[in-house]
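In our numbering, the protein residues as written are 48 to 114. C-beta: ideal position from N, C-alpha, C; glycine also. As the structure is a computational prediction, the values presented were derived from the model and not from experiment.
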């Protein structure tokens with residue numbers, strides 16, 4: 048699988064096509080993050096990254112919440 052968070056290149060459709068063509072079958076995208084007990088937020092890049100991975104051909108896409 049492949050794990051991508053907000054600080055990585057998950058929004059670039061070419062990135063996802065490259066990863067998919069390299070043989071990866073699964074991705075995990077950060078959907079939520081919390082910073083030092085100051086509350087958290089939905090990662091604003093989750094939906095665009097999810098849609099880009101889906102468009103590249105991924106069928107196994109998971110999300111994670113940190114922490």
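The three-state reading of DSSP puts residue 69 in coil, since its state is none of H, G, I, E or B. When the Cα atoms are used, residue 109 and residue 59 turn out to be separated by approximately 18 Å.
Closest by C-alpha distance to residue 67, out of 99, 84, 112 and 111, is 99. Only buried fits residue 105, as 16 or more other CB atoms lie within 10 angstroms of its CB.
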